Structures are given as structure tokens and as C-alpha cells.
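Enquirer: Okay, handing you the structure first.
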């Protein structure tokens, strides 16, 4: 490649070689990026300091494909993670509703000579230096061990003579200098050997500790089945997600297997997704990557089981089935893949294969679509999810899973909307009772019933029974562990809560919801520094997710960092879609009156909502407590108790600390069912 064709950049601790498709740290360590994530980085770096609209990024990174904006969000998230973004060190800035801006200081590296480039007056680097340095180190180590190796033996039993002139010398008594050199070499060899042994012990201990944590199980991620041709991806839920979920059900029935749920792997649907990178992000031993092609009424599927540690293909599956009967096709492929893995790992089935719960193909599509929307935990998406679940139930009135997810979505609405408890919780209760009447073995349904019992009925003993029943039915359910953790936080059983959410993270490590709840568990345990770390991580995983920022407001305030708290507050308002004039009002209020001014302004807005028939008494009590208005706070808490809404954190929320010395607070805690 000529010098003119070289395109290199320097920013932060990184060198970007566009022409060689390589991102590396100054230390020489390569940074692994998927193809589309690398392309996204290139577009942003070339336009450093300028806004790049989302439409421009989609057009340049996916020029011949129609993809959803969600794919771009995933690339940005992967890029931020690879660059090691953290508070105070940003590379990519989100410009709300518009696009992204690369904000790091970028320098174009100009060529001086073949392989040598100048970034600025003070730095000259070799484009091949870092990789050569590593190769040289490997070569030096090999040479040391070559010196240790016995000489080769010829057919007559005598040592062969070296063909190297410097080696072809008669043996002689070593001199003092030679002896010193030999001692130094032996010392170097000893260091290498000790380092090797130490590394081996470290790797063994890491493997062993991981094996203990996961019970010695093998972990798998099943990626969505991707089309060979991305031109037509209308049937995502029939093929890409449907087949993957059927395979997950099969593998979950095998002894010694831990399989990531479809909610974790659904995000890897990009046709250019690097399966090994997905496997690393999911922290699994193996990843199953598949593609398909449809022709003449038949589907051809090719799957590869990849070892994440080595990158090697462990086994390959190829199958062809008619597509006329969708469920029969999905199940046949899943059974064949499951049988291959069962034989490969010499295991057995230890429980029945989970069923999809309906024979209606359209109902199943609607359920999968609704689940994908609900898992985003965004307000507008949850309402769309409710519509999907309701339509699925209309098509199949005995669809237990759809009833269960409908109940959970309706409960989520209560968390998103003030005054919604009276409207939504009865609907959620009816839906969950219907689900359990159809199938009492659904672990998720018991978790959702537990949520209703604790949050709406304040039956904490009954809620705990349901949580334990869910875990008994499915010990590997991240949902069951996550929801039990949340319940334990309500009760102030912080150590147990942290144990449960960490188990959920082991089962679903890339879940932003798990990371959020870990942060909140730490927040209510008054471990504010740790809480901030995990809440910031959740915010980085999904920059448009509102709840981490809301929790960061509390965590930073409890730490005494009011300015950081206000940054998080403002960010939450931006995500919620507030107008610039409103944002300017918050900034002015904080500049003039600090947090007391912010609380006053929030309180006034909450009172307007109350007058309009949409009261949020928990929020009103929170704000009154923050402002030191004790009587007002207790009056609102009494109303919240009658309203059955929002008192789940009464026992542990730091915002109520100013009220705890009052005997009325203990009485309120008892009447709320906590004691």
C-alpha cells in the first residue's frame, strides 16, 4: 500500500489504522471491534468535533441494508465499552434526538517514510513497531528455550553438528565472563519459568473460581439466526428469533448447561455481528452462531458452535427443513442441534424441554415482539408491548406466557406513571391469575404474582413464598433472581438482595436492568460510592435508559456531590424529552437556589398534577421530606398508604431519613406491612 493510501489517527491512548482495519492502544494491545462498530468509529473520527446525524451513520455504515436505529445504538455502546469510557473521560457524545459527536482530540498521522508516521512535532512512530515488538519478545523467549534444548541426534546416535558458523566451534572451558553470562541466562530462564507457572496457576484459579460460581456448568449463548442475504428480513420472529428460542429451550433441558435467555442475545441480530465478541460480552464458554437461506419452500440452516476462549469451531450443524409448518420446522432444527450438543458433551436431559405455550403462529409472533418491546423498559415501548400481548391472547385465550408478560407490562406502567396503580394493578392481578390457572409451573408467573403481592397488596409473606416458588421451578431464571433481589431490598435485607442480583448478573451479564438493580441495591444499603459505579455503568450500557440517571441523582446527593447530582437530574430530563425552555428553567433554578430551589419547583409541578387528578403522593412525600416539611410529608405518606402506590421503598429510602426519628414513621412502616 502506498503512503498516500495510509489513513491513521491518534486520539487519547489509541491509534486507529483505517487502512489496516486496526485499533490499538499505545502499549500495542489490539482492541477487538466488530466490523460495523469499527466502521462507526471511522465515520465519527473522520468527523471529530462535528455532529454526525444518525441517518448519516446508518447510510455510511449500512449502505446497502435497511436496519433499525437500535443496531446503531448497539454499535455506539460497544464502541464506548471498547474505548473504556467512564465519567470524566468521554469519546462519544450523544446529541439527543440527532446523533453523535466524537469529542476526543483527534490528530491525523502524516506519513514521513514507508512505515513511519508523524502525529505532531513531538511524536514519531512506526506503524509496525508495536506488532514487531511483540513478535520480537516471542522470538527472544523461543531462543532462550532453544538454548536449553538438548542437541538434535543423528542416526548414528551422536549429536548433529549445527550448520550455523557461530555455533560450529569446539567445546572449551568456560571463562569467568562466560560463566557470568550463563548465570544471567539461567536467571532469565528461571524468571520465565516462574512467570509461566504463576500464569498457569492464575488461569487455573480463575477457571476454578468461575466453575465454582457457575456450579461447574458450561455456559452458552445462542445468537439469533441470521439470513445470508439481508435484503429481506421481514420474518425476524419466524426464523431469526423463533429458531434461536427453540434451541435455547432444548439446551436448557440438558444437564450441566447454563444458557443465556433470548432477552440477552436478541441484541446480536446484526448480520455483521462478531459471534466471539458477543460471547465475550455474555461471558460464556461457547456461542452458537447460525445463518439461514430460504429457497423453494425449504430453509437451510448452518450453525457453528464456537469456543469463545480459542475462537475455534467446536462443531458444525447443517440442516434443511420445509417451512410450511413453522413450529415443526423450528422444533426439528432445535432437536437436531440439541442432540448434537448432548452427544458432544456426553450429557443427559434433566428436565422436560420448555414449550412455547401456543399452537398459534401469529400469537407466538406477537408474544415475541411484545417481549422484545417490554424488555426495553421504556415507557412508550411498554404500551406497545401490552397491545401485542393482548392481541396474542385474543388469538389464543389459553396462552399462559402471554398473560404472564401482560401482567408484568401492566405493573411496569404503574412504575412509569403517577396515579396508575388503581387502574393497572387490578388488570395485572387478573392476568397473572389467569396465567397460573392455565400453567402453574411458569416460574416467571410466580415472580410477577410476588410483585403484585408486595407492591399492591402489601402481602410480604405471600410475596416471599411466590419468589421462592419461582426459584424452585427455575433456579437459572435471571428474572426470578432479579425480582427476588428487588423484594429483599424493600425489606432492608441488603446482603441477601446483593447475593440475588449478583446471581442474576452471572446468568445475564449484559443486562442493563441487572446492572441498574445492583446499583440500587447498593444505594439503599447506603454504599454510595459502589452504587455510583454500577449506576454509571448502567447508564453507559444504555444512554437513553432513564432510571439509572434518576438513581444517580439520589446517590450523588447522598455523597454530597450536588453538582454531579444536578448533571444526572438534567440528563434524566433530557431523556424524558423536556423542551429546551424547560431545561433552561431547571438550570436557572439550580444556579440561583441550588437543590432547595429544584425541590420547590418539582413540588409545585407535582401539586399541579394532584389538582389535575393524577396525584403521586409518594413523590409529594419525598419532596416535602427533602425540604424539611415534616407534617406535610406525613400527610402525603398517609395518602400514599391509602392509594396503594409507591411505598415499597419506605423502609430503606434515604430521602425519608429525616422522618425516622418520629414515632409516627415506625407506626407507618408497620401499617404498610413491613413489620
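Numbering (my numbering), first residue to last: 61 to 735.
All C-beta atoms in this analysis are idealised placements derived from N, C-alpha and C, irrespective of residue type, glycine included.
The model shown is predicted, which means the values in this text are computed figures rather than measured ones.
1. Whose C-beta lies closer than 8 Å to the C-beta of residue 524 among residues of the same chain, with five residues either side of it excluded?
2. Out of 330, 321, 280, 277, which one is the CA nearest neighbour of residue 288?
3. For residue 491 versus residue 461, is the C-beta spacing smaller than 7 Å?
4. Considering only the beta carbon of each residue, do residue 464 and residue 427 sit closer than 7 Å?
5. For residue 710, which of helix, strand or coil comes out of DSSP?
6. Kindly confirm or deny that the segment 574-589 and the segment 319-338 touch, where touching means at least three C-beta pairs closer than 8 Å.
7. Suppose you measure from the CA of residue 714 to the CA of residue 311; what does that come to, to the nearest Å?
8. Quick one: measure Cβ to Cβ for residue 633 and residue 625, integer angstroms, because I've assumed they're closer than 8 Å.
9. Could you check where the beta strand (DSSP E) with residue 374 kicks off and where it finishes?
10. Who are the near neighbours of residue 697 in its chain, counting only those whose CB is closer than 7 Å to its CB and skipping five residues on each side?
11. Which residue marks the beginning of the alpha helix (DSSP H) containing residue 563, and which one marks its end?
12. Can you tell me which of the three DSSP states residue 715 falls into?
13. Buried or exposed, going by whether 16 or more other CB atoms sit within 10 Å of the CB of residue 667?
14. Roughly how many whole angstroms lie between the Cα atoms of residue 201 and residue 375?
15. State whether the segment 677-696 contacts the segment 653-660, with contact taken as three or more CB pairs (one from each stretch) at a distance under 8 Å.
16. In this structure, does DSSP put residue 406 in helix, strand or coil?
17. With a threshold of 8 Å on Cβ separation, who are the neighbours of residue 121 within its own chain once the five nearest residues in sequence on each side are excluded?
18. At what residues does the beta strand (DSSP E) containing residue 82 begin and finish?
19. Could you check whether residue 348 and residue 282 sit closer than 7 Å to each other, using their CB atoms as the reference points?
20. Look up residue 370 in the DSSP assignment and say whether it is helix, strand or coil.
21. What first and last residue would you give for the beta strand (DSSP E) that runs through residue 112?
22. Please go through the same chain and pick out, in chain order, the residues whose beta-carbon is closer than 6 Å to the beta-carbon of residue 515, but skip the five residues on each side of it.
23. Judging by CA-CA distance, which residue of 390, 365, 364 is the nearest neighbour of residue 298?
24. Compute the Euclidean distance between the alpha carbons of residue 66 and residue 85, then round it to the nearest angstrom.
25. Please tell me whether, using a cut-off of 6 Å, the distance from the CB of residue 464 to the nearest non-hydrogen atom of the ligand GDP is below it.
26. Three-state secondary structure (DSSP) at residue 77?
27. Consult DSSP for residue 70 and reduce its assignment to one of helix, strand or coil.
28. Would you identify the three-state DSSP class for residue 353, choosing helix, strand or coil?
29. My output table needs one value for residue 413: the three-state DSSP class, helix, strand or coil.
30. Ends of the beta strand (DSSP E) at residue 585?
31. Out of 554, 377, 83, which has the shortest C-alpha to C-alpha gap to residue 40?
32. Just to confirm, are residue 533 and residue 501 a CB contact at a threshold of 7 Å?
33. Can you tell me whether residue 691 is buried or exposed, with buried defined as 16 or more other CB within 10 angstroms of its CB?
34. Could you spell out the range, first to last residue, of the beta strand (DSSP E) harbouring residue 279?
35. Could you give the DSSP three-state label for residue 735: helix, strand or coil?
36. Going by the CB atoms, is the gap between residue 503 and residue 452 shorter than 7 Å?
Expert: Checking against the coordinates, here is how it stands:
1. Locating residue 524 in the chain shown gives position 464, counting from the first residue. Once the five neighbours on either side are set aside, the close Cβ partners of residue 524 are 510, 547.
2. Your numbering for residue 288 matches position 228 in the chain shown. The shortest Cα separation from residue 288 among 330, 321, 280, 277 belongs to 330.
3. Here the question's residue 491 lines up with position 431 in the chain shown. Here the question's residue 461 lines up with position 401 in the chain shown. No, these two residues do not count as a Cβ contact at 7 Å.
4. For the purposes of this step, residue 464 is taken as the residue at position 404 of the chain shown. For the purposes of this step, residue 427 is taken as the residue at position 367 of the chain shown. No, the pair does not count as a contact, with Cβ atoms beyond the cut-off.
5. Walking along the chain shown from the start, residue 710 turns up at place 650. If DSSP states are grouped into helix, strand and coil, residue 710 belongs with coil.
6. The segment 574-589 is not in contact with the segment 319-338.
7. Position 654 of the chain shown, counted from the start, is the residue given in the question as residue 714. Position 251 of the chain shown, counted from the start, is the residue given in the question as residue 311. About 44 Å.
8. Against the chain shown, residue 633 aligns to sequence position 573. Against the chain shown, residue 625 aligns to sequence position 565. Actually they do not touch by this definition, with Cβ atoms about 13 Å apart.
9. Residue mapping note: residue 374 aligns to position 314 of the chain shown, counting from 1. Element bounds for residue 374: 373-382.
10. The count along the chain shown starts at 1 and reaches residue 697 at position 637. The residues are 681, 728.
11. Here residue 563 refers to the residue found at position 503 when the chain shown is read from its first residue. 554-567 is the span of the alpha helix (DSSP H), which, as asked, contains residue 563.
12. Within the chain shown, the letter at position 655 stands for residue 715. Look at residue 715 here: in three-state DSSP terms it is helix.
13. Counting from 1 along the chain shown, the entry for residue 667 is found at position 607. Burial call: exposed.
14. Looking up residue 201 in the chain shown gives position 141. Looking up residue 375 in the chain shown gives position 315. Because the pLDDT at residue 201 is just 39, under 50, the model does not fix this residue reliably, and the point stays unresolved.
15. yes
16. Here residue 406 is taken as the residue at index 346 of the chain shown, counted from 1. Residue 406 falls in the coil class under three-state DSSP.
17. Position 61 of the chain shown, counted from the start, is the residue given in the question as residue 121. Around residue 121: 96, 99, 100, 103, 132, 135.
18. Numbered from 1 along the chain shown, position 22 holds the residue referred to as residue 82. Element bounds for residue 82: 82-85.
19. Counting from one through the chain shown, the residue named residue 282 turns up at place 222. Counting from one through the chain shown, the residue named residue 348 turns up at place 288. Yes, the Cβ-Cβ distance between residue 282 and residue 348 is below 7 Å.
20. Here the question's residue 370 lines up with position 310 in the chain shown. Reduced to three states, the DSSP call for residue 370 is coil.
21. Within the chain shown, the letter at position 52 stands for residue 112. Counting along the chain, the beta strand (DSSP E) containing residue 112 begins and ends at 111-113.
22. As a first step, residue 515 must be located in the chain shown, where it is residue number 455. If we look at residue 515 and ignore the five residues flanking it on each side, its Cβ neighbours are 708.
23. Residue numbering aside, residue 298 sits at position 238 when the chain shown is read from its first letter. Nearest of 390, 365, 364 to residue 298, Cα basis: 390.
24. For the purposes of this step, residue 66 is identified with residue 6 of the chain shown, where counting begins at 1. For the purposes of this step, residue 85 is identified with residue 25 of the chain shown, where counting begins at 1. Each residue's Cα considered, the two are about 18 Å apart.
25. Of the ligands one can find in the structure shown there are none, so the ligand GDP has no counterpart to examine.
26. Within the chain shown, residue 77 is the residue found at index 17, counting from 1. For residue 77, the secondary structure class from DSSP, reduced to helix, strand or coil, is strand.
27. The residue given as residue 70 occupies position 10 in the chain shown. DSSP places residue 70 in strand when its eight states are reduced to three.
28. Taking the chain shown and counting its residues from 1, one reaches residue 353 at position 293. DSSP, read as helix, strand or coil, puts residue 353 in strand.
29. In the chain shown, counting from the first residue as 1, residue 413 sits at position 353. Coil at residue 413, not helix or strand.
30. If you number the chain shown from 1, residue 585 lands on position 525. Segment: none, residue 585 is in no beta strand (DSSP E) and carries neither H nor E.
31. Outside the displayed span of the chain (61 to 735) sits residue 40, for which this structure offers no information.
32. As a working note, residue 533 is residue 473 in the chain shown. As a working note, residue 501 is residue 441 in the chain shown. Closer than 7 Å, so yes.
33. Stepping through the chain shown from its first residue, residue 691 is reached at position 631. Flag for residue 691 reads exposed.
34. Start at 1 with the first residue of the chain shown, and residue 279 comes out as number 219. Residue 279 -> beta strand (DSSP E) spans 278-282.
35. Here residue 735 is taken as the residue at index 675 of the chain shown, counted from 1. Note: residue 735 maps to coil in three-state DSSP.
36. Indexing the chain shown from 1 puts residue 452 at position 392. Indexing the chain shown from 1 puts residue 503 at position 443. Their beta carbons are not under 7 Å apart, which means residue 452 does not touch residue 503 by this criterion.
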